[in-house]
Amino acid sequence: MSEADTLEQQALKLLTDALEQPSTDREDWVRKQAGDNAALVSRVLALLEADGSVNAALRTGGAKRDAGDAPPPDRAGPYKITGMIGRGGMGAVYKGERDSGDFKQIAAIKIIWPGVLSDSLIARFERERQILADLSHPNIARLFDGGALPDGSPYFVMEYVDGEPITEWADTAGLGLDDRLWLFRDICTAVRHAHQNLIVHRDITPSNVLVTKSGTVKLIDFGIAKPHSDELAEVSEAPPSAKSLASLSFTPGYGAPERAQGAPANTLSDIYSLGKLLEALVQNHPPNADVAAIIARAAADNMEERYASVDALIEDLTNLRTGYPVEARAGGTLYKFRKFLSRNRLAMTLGTLALVGLIGALGVTLHEYNRAEQARHYAAARFEQARGLSKVFITDVYDAIEHIPGSLEARENLAGIVKDYVDELAADPNAPDDVLMDVAVQNTRLSDLYGGLGVANFGDTETSFALLLKAEEALNRLLERSPDDVHAIDEMAWVKRLKANQEMSYQLDMDAARRTNEEGLALVERGMTLPGADETKLFFRLWNSRTDRVKILMYQNDYETAIAEARRYRDELAASEYEEEPRRRLSRLAYFARLEGEGLSDTQHWEDSIPPLEYAVKAYDEILAENTAGYYYNLQKMAALSPLVMSYLKAGKGDEALQTSKEAVRIAETLREGDPKDAASRAFVATQLEMDGRVESEFGDRDAALSAIMEALDIRRRVIADFPDTAGHRRDLAGTLKTAAIVYQSLGLHSRACDALHESMGELTALNTAKALTDVEREVWVPEVSQQIENYSCLSE
Amino acid sequence: MQQPNSIDAKQLLQAWRNGDTQARDALFNLLYVELRQVSAALLRAERNNSLSTGDLVNEAVLRLIKLEQIEWTDKSHFLALSARAMRRILIDHARKKNSDKRHHHKVTLVTRVEGVSQRFDMDLLEKSLIRLGVIDPDKAEIVELRYFGGMSLQEIAEVVGASESTVKRQWRVARAWLLDAMTEEVDVGSGYA
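Chains as they are written, first to last, in the working numbering: chain A, 1 to 797; chain B, 1001 to 1193.
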């Protein structure tokens, strides 16, 4: 070995030991150790300098990036690219200058490689962009803008932070334990602020926490740091196991363990990362028991054992500093939150995991809001913040989670929180127009959650209706003040429609429904003549209200008019020149065809009803071919199949009846799978099974008929047990029992048929006493059941 | 495709686990063709998306696991082999690129710009790494595993049979040495740029 090599070996050895010394003492220490070996001193000092140079080179796994040679683009939107800051897993970060306009601005521009972000991630970013842009906190690097390059690569323009990773900065500055903890606390307040705005960082690591030369700590890359594994685009040429890749390339050491299993990021995973960050920050300063406890608590493998919110973590840091006992050491968990979790079993469901984080964030804010309330003088800013948050929740978040299967329970809990808040807003007699609009919109949304027709709901129709009345009241206040506000008219038309539907379907008050529907129609017609109507959905409201009109007429037993109106609307639609998406028009045509067919089927015009119903089914198939998972269209298709089965049955078309009925059951079951507790979807399954039992008993298999009808009855009874106060479910049971009697009788099960009829009559009598029967039911059903009891000679036994 | 003999591979692996570095090299040669094919294919496919070397190496190893040529429990050892394959491939890649634009004679180097580096010459890194391998082979190996293989400290610790904290210290020292060595090269060859 050469002399030079020996010197290098000595230098490496001395450097290793020197790095164990406090950074400020290293130089002296090296000189002392090396004695008079000047060459060695100079080598080690050079190496120390190299060690101190914060450097993006030679990072873990960085070889490929360093070898890559993608040239930077010239510009990104209004920014001119002036240099590279670094490369990361998803793309590169450049320094850019805004040169348009009067002001100059330097920014960091993160350009994502094409194909890295999936559409869903881009969509998420679009949703969050405004919130991200509004995130204003001294320790959060601002997001200024975003867009896409001509080649489609998305880019984000962020505040340029000239700084070093926090751990390196703290070492360089020679910070002691106390200062490190205080620096860390600043980061926590930044993360708390983001969580309160429903933004999760997703990738808190030292390289995303920079400290500027002036010593200010800044979190960068909020919300866009990393795609969630299933948001990673599936690039066709990419390796097949993108998922395994994502979990393997998981930021080692900082990501929460549940994320490695594919769980989405949430506030609790950010807390885990904060714990790990603290650990890294104090690693060269043997932490005392309190600090160790805080780290262990924040970075607990089990989510439930972590701090429930960043607030709690900050509180413990404050306890530590002020000498109070540290909560983490008491071994106490945040009992309430844990209980909340176990009550909701949210943590068990990956799909709703993100909600845990949102609830945590929401809880923190509302807690603060309440505290401010108690003080009776909350700042206007806080009010706006809470208002914005609630709005985001009930619009964007609601939309985002509405179609997550199994999210009903989570939504129910969240809805309760927002409901209280909206009531607070409405209580203000001087609430301005826009606040009243908020109140109306949010109450309407909440009403959907509680018992919306045709959407997955909690089955609480009374609360749902009460919320609609609150929305109506807020809009009345608004329209009294500003009668020509088209947006308020638009919203009111929607509320009227929902109200009419609930009056029709839940309260069975056809007169009220008719009245509400007519009020809505008049409002729409007036609204459509006002300036600004084009920006509203009044055109759609018109058609919605017209469909309601047909339905109400049918419920009022005026089938002749109903069928005629449905035909008239179909013709008008077919001739309409209103520009809209073809699928929408097709769906509307299908809807009126279905109503027409349904009316004909209900009035026993079996053969006549088949063509419009078949038209409707075919139209929905066309729509569903593009979007098989569409809840709404599946629902509509099922609604068309239902009378079609009956018409085939009565027209003696056995094969068609069997086939159609099976398809209807299948759709109903698919709808129920989305949310097994949803009362409406369970009722659908029962209805279709009921029909299927009838068809099987006539054209098919005896056992199949029995099993279908018994399952239908079983479902009806379970729904009643879960929602005993909704009269409609009892009505449904009475109807199913009547069908069951027909099936039993045709299969020779005479006494079972009689039992079913007696039970059906019992339910109908009880409902009639409670004034919960429609005219049709009272005038047609009840006599039918009586007649059947007589026909089957049930009374003579 | 050369189908590695799994019995040989297992024996070699066992020997390597017991500290026999010659067994490692033999194993590398046994699997190299495969590793190179997988890595190079990934590298090509990778052009327009952003897999890091760590991902590439992981993916190569996953494929071997899928082919049932190695056991999951041996993952970190095979990650190490793949890291080596990756090093060769990337260096070849960089050299080829350099020779393509030889007439430019432009070498980008590690320079401090706003606290972060510009890209640098892989060829220069390879030279420096070879030298480090002479002075301190353990540290050179850690660089290979971490920089080319994208392996975690824990995985590296398992492969080299040292504690994580030792690996971490060695990595830091090695990194400083390499950065310094590459800067030295610049000074020496300043007429070059």
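In this text, a Cβ means the ideal position worked out from N, Cα and C, and glycines have one as well.
Query raised in the report: Got a sec: is the Cβ-Cβ distance from residue 105 of chain A to anything in chain B below 8 Å?
Result: no
Query raised in the report: Considering only residues of the same chain and omitting the five flanking positions on each side of residue 97 of chain A, which have a CB-CB separation below 8 Å?
Result: 79, 80, 82, 104, 105, 106, 107
Requested in this report: Output, in chain order, the set of chain B residues within a Cβ distance shorter than 9 Å of residue 16 of chain A.
Outcome: 1169, 1170, 1172, 1173
Query raised in the report: residue 724 of chain A: which of A:460, A:743, A:614 sits nearest, CA to CA?
Result: A:460
Report task. Determine the chain A residues that contact residue 1177 of chain B at a beta-carbon separation under 7 Å, and present them in chain order. Result -> 12, 47
Report task. Please list, in chain order, all residues of the same chain as residue 138 of chain A whose beta carbon is under 6 Å from its beta carbon, the five residues on each side excluded. Result -> none
Report task. Output yes if chain A places a C-beta closer than 8 Å to the C-beta of residue 1160 of chain B; else output no. Result -> no
Query raised in the report: Shorter than 8 Å from the beta carbon of residue 19 of chain A to some beta carbon of chain B?
Result: yes
**Report entry** Candidates A:134, A:780, A:277, A:462: closest to residue 185 of chain A by CA position
**Finding:** A:277
Report task. Spell out a yes or no on whether the segment 164-180 of chain A and the segment 10-24 of chain A are touching, meaning 3 or more CB-CB pairs, one atom from each, closer than 8 Å. Result -> yes
Report task. Could you please give me the residues that DSSP links to residue 80 of chain A through a beta bridge? Result -> A:75, A:97
Query raised in the report: When the Cα atoms are used, what is the spatial distance from residue 256 of chain A to residue 93 of chain A?
Result: 25 Å
Query raised in the report: By Cβ distance below 6 Å, which residues in the same chain neighbour residue 790 of chain A in space, the five residues on each side in sequence not counted?
Result: none
Report task. Would you kindly work out how many angstroms separate the C-alpha atoms of residue 512 of chain A and residue 500 of chain A, rounded to a whole number? Result -> 7 Å
**Report entry** Sub-8 Å separation of residue 1143 of chain B and residue 1124 of chain B beta-carbons
**Finding:** no
Report task. Report the three-state DSSP secondary structure of residue 109 of chain A (helix, strand or coil). Result -> strand
Query raised in the report: What does residue 158 of chain A pair with, by DSSP beta-bridge criteria?
Result: A:108, A:143
**Report entry** Beta-carbon neighbours of residue 51 of chain A, restricted to chain B and to distances below 7 Å
**Finding:** 1172, 1176
Report task. Measure from the C-beta of residue 268 of chain A to each C-beta in chain B and report whether the shortest distance is under 8 Å. Result -> no
Requested in this report: Verify whether the separation of the beta carbon atoms of residue 752 of chain A and residue 715 of chain A is less than 8 Å.
Outcome: no
Query - CA nearest to the CA of residue 1183 of chain B, picked from A:701, A:51, A:76 - result: A:51
Requested in this report: Would you mind reading off the limits of the alpha helix (DSSP H) that contains residue 444 of chain A?
Outcome: 433-451
Requested in this report: Mark residue 1145 of chain B as exposed unless 16 or more other C-beta atoms lie within 10 angstroms of its C-beta, in which case mark it buried.
Outcome: buried
Query raised in the report: Excluding sequence positions up to five away, which residues of its chain have a Cβ less than 6 Å from the Cβ of residue 737 of chain A?
Result: 756, 759, 760
**Report entry** CA nearest to the CA of residue 705 of chain A, picked from A:297, A:658, A:442, A:666
**Finding:** A:658
Query raised in the report: Do we get a CB-CB distance below 8 Å when we pair residue 490 of chain A with the residues of chain B?
Result: no
Requested in this report: Return the CA-CA distance between residue 31 of chain A and residue 15 of chain A, expressed in angstroms with no decimal places.
Outcome: 12 Å
Report task. Answer yes or no: does any C-beta atom of chain B fall closer than 8 Å to that of residue 622 of chain A? Result -> no
Requested in this report: Report the three-state DSSP secondary structure of residue 858 of chain A (helix, strand or coil).
Outcome: With chain A covering 1 to 797 only, the question about residue 858 of chain A has no answer from this structure.
Query raised in the report: When DSSP builds the beta bridges, which residues end up paired with residue 1153 of chain B?
Result: Answer by DSSP bridge pairing: none, since residue 1153 of chain B is not bridged.
Query raised in the report: The beta strand (DSSP E) spanning residue 172 of chain A covers which residue range?
Result: Note, residue 172 of chain A: premise wrong, no beta strand (DSSP E); alpha helix (DSSP H) at 166-172.
**Report entry** CB of residue 802 of chain A within 8 Å of CB of residue 426 of chain A, strictly
**Finding:** Any property of residue 802 of chain A remains undetermined from this structure, which presents chain A solely from 1 to 797.
Report task. Could you check the C-alpha separation between residue 707 of chain A and residue 717 of chain A for me, to the nearest Å? Result -> 15 Å
Query - Cutoff 8 Å: residue 177 of chain A Cβ touching any chain B Cβ - result: no
Query raised in the report: Between residue 437 of chain A and residue 159 of chain A, what straight-line distance do the alpha-carbon atoms span, to the nearest angstrom?
Result: 35 Å
Report task. Please decide whether residue 8 of chain A counts as near chain B, where near means a Cβ-Cβ distance under 8 Å. Result -> yes
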